[in-house]
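First comes the structure, then the notes that go with it.
Protein chains: 2
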Amino acid sequence: MNHKPLKLIEDLETAVAPARVLTDSDSLQQYGRDWTRFHTPAPLAIVLPSSVEEVQAVVRFARENQIGLVPSGGRTGLSASAVATNGEIVVAFDRMKKISNFNPIDRTVVCEPGVITEQLQQFAEEKDLFYPVDFASSGSSQIGGNIATNAGGIKVIRYGMTRDWVVGLKVVTGTGELLELNGGLVKNNTGYDLRQLFIGGEGTLGFIVEATMKLTRPPENLTALMLGAEDMNGVMSILKAFQQKVDLTAFEFFSEQALSRVVEHSQVQRPFDTPTPFYALLEFENTSEAISDTVMELFEHCMEQGWVLDGVMSQSISQLQNLWACREFISETITRWTPYKNDISVVVSKVPEFLAEIDNVVNREYPEFEIIWFGHIGDGNLHLNILKPDSLSTEEFLQKCNHVSKWVFEIVQEYVGSISAEHGVGLLKKDYLTYTRSEAEIDLMRGIKKVFDPDGIMNPGKIFD
Amino acid sequence: MNHKPLKLIEDLETAVAPARVLTDSDSLQQYGRDWTRFHTPAPLAIVLPSSVEEVQAVVRFARENQIGLVPSGGRTGLSASAVATNGEIVVAFDRMKKISNFNPIDRTVVCEPGVITEQLQQFAEEKDLFYPVDFASSGSSQIGGNIATNAGGIKVIRYGMTRDWVVGLKVVTGTGELLELNGGLVKNNTGYDLRQLFIGGEGTLGFIVEATMKLTRPPENLTALMLGAEDMNGVMSILKAFQQKVDLTAFEFFSEQALSRVVEHSQVQRPFDTPTPFYALLEFENTSEAISDTVMELFEHCMEQGWVLDGVMSQSISQLQNLWACREFISETITRWTPYKNDISVVVSKVPEFLAEIDNVVNREYPEFEIIWFGHIGDGNLHLNILKPDSLSTEEFLQKCNHVSKWVFEIVQEYVGSISAEHGVGLLKKDYLTYTRSEAEIDLMRGIKKVFDPDGIMNPGKIFD
Chain U
1 MNHKPLKLIE
11 DLETAVAPAR
21 VLTDSDSLQQ
31 YGRDWTRFHT
41 PAPLAIVLPS
51 SVEEVQAVVR
61 FARENQIGLV
71 PSGGRTGLSA
81 SAVATNGEIV
91 VAFDRMKKIS
101 NFNPIDRTVV
111 CEPGVITEQL
121 QQFAEEKDLF
131 YPVDFASSGS
141 SQIGGNIATN
151 AGGIKVIRYG
161 MTRDWVVGLK
171 VVTGTGELLE
181 LNGGLVKNNT
191 GYDLRQLFIG
201 GEGTLGFIVE
211 ATMKLTRPPE
221 NLTALMLGAE
231 DMNGVMSILK
241 AFQQKVDLTA
251 FEFFSEQALS
261 RVVEHSQVQR
271 PFDTPTPFYA
281 LLEFENTSEA
291 ISDTVMELFE
301 HCMEQGWVLD
311 GVMSQSISQL
321 QNLWACREFI
331 SETITRWTPY
341 KNDISVVVSK
351 VPEFLAEIDN
361 VVNREYPEFE
371 IIWFGHIGDG
381 NLHLNILKPD
391 SLSTEEFLQK
401 CNHVSKWVFE
411 IVQEYVGSIS
421 AEHGVGLLKK
431 DYLTYTRSEA
441 EIDLMRGIKK
451 VFDPDGIMNP
461 GKIFD
Chain Z
1 MNHKPLKLIE
11 DLETAVAPAR
21 VLTDSDSLQQ
31 YGRDWTRFHT
41 PAPLAIVLPS
51 SVEEVQAVVR
61 FARENQIGLV
71 PSGGRTGLSA
81 SAVATNGEIV
91 VAFDRMKKIS
101 NFNPIDRTVV
111 CEPGVITEQL
121 QQFAEEKDLF
131 YPVDFASSGS
141 SQIGGNIATN
151 AGGIKVIRYG
161 MTRDWVVGLK
171 VVTGTGELLE
181 LNGGLVKNNT
191 GYDLRQLFIG
201 GEGTLGFIVE
211 ATMKLTRPPE
221 NLTALMLGAE
231 DMNGVMSILK
241 AFQQKVDLTA
251 FEFFSEQALS
261 RVVEHSQVQR
271 PFDTPTPFYA
281 LLEFENTSEA
291 ISDTVMELFE
301 HCMEQGWVLD
311 GVMSQSISQL
321 QNLWACREFI
331 SETITRWTPY
341 KNDISVVVSK
351 VPEFLAEIDN
361 VVNREYPEFE
371 IIWFGHIGDG
381 NLHLNILKPD
391 SLSTEEFLQK
401 CNHVSKWVFE
411 IVQEYVGSIS
421 AEHGVGLLKK
431 DYLTYTRSEA
441 EIDLMRGIKK
451 VFDPDGIMNP
461 GKIFD
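Same order as they appear, the protein sequences are chains U and Z. Under full-length UniProt numbering, the first sequence has 144 at position 144, and the numbering climbs by one with no breaks. Under full-length UniProt numbering, the second sequence has 66 at position 66, and the numbering climbs by one with no breaks.
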């Protein structure tokens with residue numbers, strides 16, 4: 001470290017408080033990156049503010065000294081949005097995790113950005129309410145990060161993305177200014193809804209320093225239905241039939257390749273004996289006999305039509321959990337094959353064709369690759385996973401996967417889909433952004449960034465250059 | 001009309017097509033304003049484009065000639081956002097009303113901006129689906145206008161605002177550029193969601209030229225419950241109790257003053273004999289005995305607690321319609337008293353105090369004024385109406401109401417509420433915008449406008465100067 005950083009760090013400590021600044025190499029490593037592992041963390045320092053004023057002080061300091069700032073939440077991101085590779089100051093929100101101002105009539109609660117997703121879910125439960133955005137990393141991801149990346153997950157079909165649960169936002173922009181956006185109102189048609197820009201903005205416009213989150217009534221008697229289908233068109237027909245009659249809380253899918261790996265490598269049981277190419281996992285609130293009857297009728301209809309080859313419905317909470325385990329253990333199970341992963345989406349109706357086209361190109365070019373499909377099919381969101389063949393070194397595999405990415409994104413573009421359904425762009429996908437957003441849109445985004453962050457200090461280099 | 005406009009109009013006709021341009025004084029009057037009547041229309045000309053290309057041609061023409069453009073939908077707006085007072089070209093979408101590309105799996109449909117709300121509602125019904133955004137002007141308001149003003153209405157508590165139903169948007173910005181935003185995707189985390197800026201942007205960033213709208217399953221066996229309450233705290237307690245157990249499709253309220261006028265001046269019957277100061281109108285899907293039982297238990301609980309003094313539940317569609325008529329006829333009934341109107345919101349839990357404070361100041365300053373309250377209380381959205389006393393001329397009344405507006409907006413600010421819950425800002429409320437949005441926010445909005453509309457030709461002078 002040369003003299004300039006040393007002086008800078010002293011000044012930073014003066015601007016915030018010495019106890020808030022970390023510069024040891026373990027901290028720089030830990031706070032300098034997210035769950036992606038493609039970049040080498042190299043931040044200047046880590047700041048752990050404990051108040052909005054301290055966040056503002058860091059931003060003003062960074063602006064005066066023209067240093068980049070990288071926000072850091074639970075660091076569970078999968079697109080290298082919370083990665084500091086270039087001497088930035090990382091602002092981590094671990095010290096700001098208070099939940100306050102719960103209001104039972106509004107069903108809202110105020111969260112500091114460092115509140116862990118699970119902490120909010122538990123808080124809601126204690127109040128006989130429900131925070132519905134849920135995903136694999138809920139135990140460590142933070143609300144600020146969830147909002148900045150507009151996190152999705154397994155209940156989007158019923159409850160939407162994180163965007164739909166943010167009724168108020170306090171942010172500090174790139175000028176150090178504090179904005180209080182929307183204050184928890186349901187209806188507020190007074191000009192541009194600036195809150196929406198910070199949701200999914202990946203910290204490039206400013207820091208989220210407080211959020212008012214909406215809660216809802218808890219679901220009752222959740223029941224799952226696992227259906228085995230011959231092909232993806234069957235899965236689509238099942239979706240259409242059920243959506244017309246039942247309010248689904250989830251509609252997930254995965255392939256036999258996925259299920260067989262889970263069954264082989266974990267305690268999870270096969271839901272029924274018949275292996276089928278694809279499985280749909282539906283969940284709904286089983287609150288009356290009328291609903292049970294409707295679901296059974298739909299199930300029989302799907303069998304008669306040949307869309308469903310076999311199926312099972314959970315009769316207890318433990319059976320519900322077992323069915324979910326088939327889906328939830330996939331990601332963990334396949335890590336041993338150091339898989340290539342991609343998170344993409346198209347409109348729901350195009351999924352079968354889209355999936356087949358990707359299958360085709362990968363099978364043709366790299367017949368030794370095994371594809372594991374799963375995802376939130378009710379939202380058109382597919383998680384593409386390719387297992388590394390033992391015959392290839394990691395490097396060879398990654399090199400081939402770069403080609404796969406390009407083919408996949410070309411198909412995404414052809415289908416007017418998204419190169420990142422729920423994981424964001426960060427550093428990982430910015431070179432591919434034009435496959436989903438036009439040059440004109442990217443220019444407009446740059447223009448908007450300049451309005452909020454005239455010096456370009458907020459998470460520089462993320463989403464676009 | 002001097003020579004310059006004549007030449008301009010000739011050029012405009014060349015740029016678009018003569019048949020698309022109207023300049024007769026009836027058309028200028030008709031297309032030059034919305035439902036507000038405070039401004040004198042004075043547009044240069046009306047253009048009725050029939051394609052995206054024609055819209056782009058008008059924008060390029062306006063940009064070259066530095067002429068303002070005003071969008072015009074169904075002209076049912078209540079904040080003078082679609083009013084041309086200053087030699088602008090009005091772009092009306094009456095010729096662009098095609099519905100196309102319905103997809104039953106995605107449950108989406110593509111609308112040109114001139115599609116009437118009711119036309120979309122009927123289209124959905126024919127497909128056994130439902131477009132849930134509904135309000136008094138559904139018979140003439142257009143989808144483009146609904147989106148530009150983020151229209152709300154009577155089902156927001158269950159279905160949200162128009163914002164929640166727009167899955168794709170094509171817009172023409174102030175440079176004439178066509179943007180295709182989000183293409184109908186459920187999940188698309190690839191940078192700033194520009195679509196959100198155009199929703200509720202009141203045409204100040206660009207024109208909406210196509211929208212992909214989401215549909216949903218139709219509600220089943222809708223049933224209404226009308227409850228009479230002693231005071232607003234009772235109404236709040238009813239809301240809290242019901243929301244915990246039942247998915248409400250509406251939660252409206254109105255005062256005895258409102259109901260008595262409706263009963264007196266229309267065919268509508270009182271729902272029950274006991275007059276009570278306030279009424280809550282709840283609606284839900286009555287799809288099983290379990291739900292009916294829950295609702296009856298809640299009703300009895302509310303009676304025991306003293307929150308409800310009397311009540312009635314609809315047993316048929318005609319009874320459902322009669323109960324709704326009590327609420328829906330209010331606006332029409334009170335027009336004979338040329339009422340002052342204001343559309344404001346606070347967070348739901350603050351409504352009783354907020355309403356009382358406005359009552360107090362108006363009663364104290366103008367004891368001769370009669371206030372009629374009604375609104376979408378489940379969203380914290382109040383419609384304040386004050387009847388003109390016979391003793392005052394319209395001019396005297398309006399003058400006094402200007403004072404009322406100021407007091408109301410001061411109270412809105414104190415309660416961190418919105419000066420426009422669902423009607424937008426337009427010309428009518430722009431002078432009051434700072435009561436809800438900070439100067440910093442307004443500056444940022446100006447910055448954003450400059451990015452999309454560098455010459456300031458898109459609906460100039462609306463929302464802010």
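Using N, Cα and C, we set each Cβ at its ideal position, and we do this for glycine too.
Using DSSP's beta-bridge definition, name the partner residues of residue i.
{"i": "U/GLY228", "result": "U/TYR279, U/ASP310"}
{"i": "U/ASP343", "result": "U/HIS383"}
{"i": "Z/PHE374", "result": "Z/PHE254, Z/HIS383"}
{"i": "Z/GLU365", "result": "Looking at the DSSP assignment, Z/GLU365 forms no beta bridge with any residue, so it has no partner."}
{"i": "U/SER418", "result": "U/SER345"}
{"i": "Z/THR223", "result": "Z/PHE284"}
{"i": "Z/PHE130", "result": "Z/THR216"}
Starting from the beta carbon of residue i, find every residue of chain U whose beta carbon is closer than 9 Å, and list them in chain order.
{"i": "Z/ASP106", "result": "VAL347, VAL348, SER349, LYS350, GLY380"}
{"i": "Z/ARG217", "result": "GLN243, GLN244, LYS245, VAL246, ASP247"}
{"i": "Z/THR117", "result": "Chain U residues near Z/THR117: none, gap ~17 Å exceeds 9 Å."}
{"i": "Z/ALA280", "result": "Those do not exist, as Z/ALA280 stays about 14 Å from chain U at its closest Cβ, beyond 9 Å."}
First and last residue of the beta strand (DSSP E) that includes residue i?
{"i": "Z/ALA250", "result": "248-255"}
{"i": "U/GLU210", "result": "206-214"}
{"i": "Z/GLY168", "result": "166-173"}
{"i": "U/GLU300", "result": "Note, U/GLU300: premise wrong, no beta strand (DSSP E); alpha helix (DSSP H) at 289-304."}
{"i": "U/GLU180", "result": "178-181"}
Which residues in chain U sit within 7 Å of residue i, going by Cβ to Cβ distance?
{"i": "Z/ARG437", "result": "THR190, GLY191"}
{"i": "Z/LYS341", "result": "Ordered by position in chain U, no residue passes the 7 Å Cβ test against Z/LYS341, which lies about 15 Å from the chain."}
{"i": "Z/PHE452", "result": "LEU444"}
Determine the chain U residues that contact residue i at a beta-carbon separation under 8 Å, and present them in chain order.
{"i": "Z/MET303", "result": "Going along chain U, no residue has its Cβ under 8 Å from Z/MET303, so there is no contact; the nearest lies around 20 Å."}
{"i": "Z/PHE329", "result": "Simply none; closest approach about 22 Å."}
{"i": "Z/MET236", "result": "ILE105"}
{"i": "Z/MET445", "result": "GLY191, TYR192, LEU194"}
Just curious, the alpha helix (DSSP H) that residue i is in, first and last residue?
{"i": "Z/GLY145", "result": "143-148"}
{"i": "U/LEU320", "result": "317-334"}
{"i": "U/LEU194", "result": "Counting along the chain, U/LEU194 falls outside any alpha helix (DSSP H), and DSSP gives it neither H nor E."}
{"i": "U/MET458", "result": "That residue, U/MET458, is in no alpha helix (DSSP H); it is neither H nor E in DSSP."}
{"i": "U/ARG158", "result": "156-159"}
Would you mind telling me which residues of chain Z sit closer than 9 Å to residue i, beta carbon to beta carbon, in chain order?
{"i": "U/MET458", "result": "Here the premise fails: no neighbours, minimum Cβ distance about 13 Å."}
{"i": "U/THR149", "result": "ASN189"}
Determine the chain Z residues that contact residue i at a beta-carbon separation under 8 Å, and present them in chain order.
{"i": "U/LEU197", "result": "TYR192, ASP193, GLN196, LEU197"}
{"i": "U/LYS187", "result": "GLY152, VAL156, MET161, SER345, HIS376, ASP379, GLY380, ASN381, SER418, ALA421, GLU422"}
{"i": "U/ASN240", "result": "The residue asked about is misnamed: residue 240 of chain U is Lys in this sequence, not Asn. Going along chain Z in sequence order, the residues near U/LYS240 (Cβ under 8 Å) are PRO104, ILE105."}
Report the neighbours of residue i on chain Z: residues whose CB is nearer than 7 Å to its CB, in chain order.
{"i": "U/GLU177", "result": "ALA440"}
{"i": "U/THR287", "result": "ALA290"}
Kindly list, in the order they appear in chain C, the residues whose Cβ is closer than 7 Å to that of residue i.
{"i": "Z/ASN103", "result": "Reference to chain C is not applicable here, since the protein chains of this structure are U and Z."}
_the region 216-229 of chain Z / the region 409-424 of chain U touching (three or more Cβ pairs under 8 Å)_ = no
*Give a yes or no on contact between the region 264-275 of chain U and the region 338-357 of chain U, applying the rule of three or more CB pairs nearer than 8 Å.*
Because the criterion of three Cβ pairs below 8 Å is not met, the region 264-275 of chain U and the region 338-357 of chain U do not touch.
*Contact between the region 306-313 of chain Z and the region 255-266 of chain Z (3+ Cβ pairs under 8 Å)*: Too few Cβ pairs lie closer than 8 Å, so no.
*In the region 41-128 of chain U, which residue ranges form an unbroken beta strand (DSSP E) of at least 3 residues, counting only runs that do not cross its ends?*
45-47, 69-72, 89-92, 99-103, 108-111
*With a cut-off of 8 Å, do at least 3 Cβ pairs link the region 251-258 of chain Z to the region 275-288 of chain Z?*
Yes: at least three Cβ pairs fall under 8 Å.
*Touching or not, the region 390-402 of chain Z and the region 345-361 of chain Z, by the rule of three or more beta carbon pairs under 8 Å?*
no
*Count the CB pairs spanning the region 55-63 of chain U and the region 170-177 of chain U that are closer than 8 Å, and state whether there are at least three.*
yes
*How about the region 18-32 of chain Z and the region 145-163 of chain Z: do they share at least three Cβ pairs that are nearer than 8 Å?*
no
*Kindly confirm or deny that the region 226-240 of chain U and the region 202-212 of chain U touch, where touching means at least three C-beta pairs closer than 8 Å.*
no
*contact_flag[the region 419-428 of chain U, the region 65-82 of chain U] where n(CB pairs < 8 Å) is 3 or more*: yes
*Can you give, in chain order, each stretch of the alpha helix (DSSP H) that sits fully within the region 2-27 of chain Z and has at least 4 residues?*
Secondary structure within the region 2-27 of chain Z: the alpha helix (DSSP H) runs of 4 or more consecutive residues, fully enclosed, are 3-15 (chain order).
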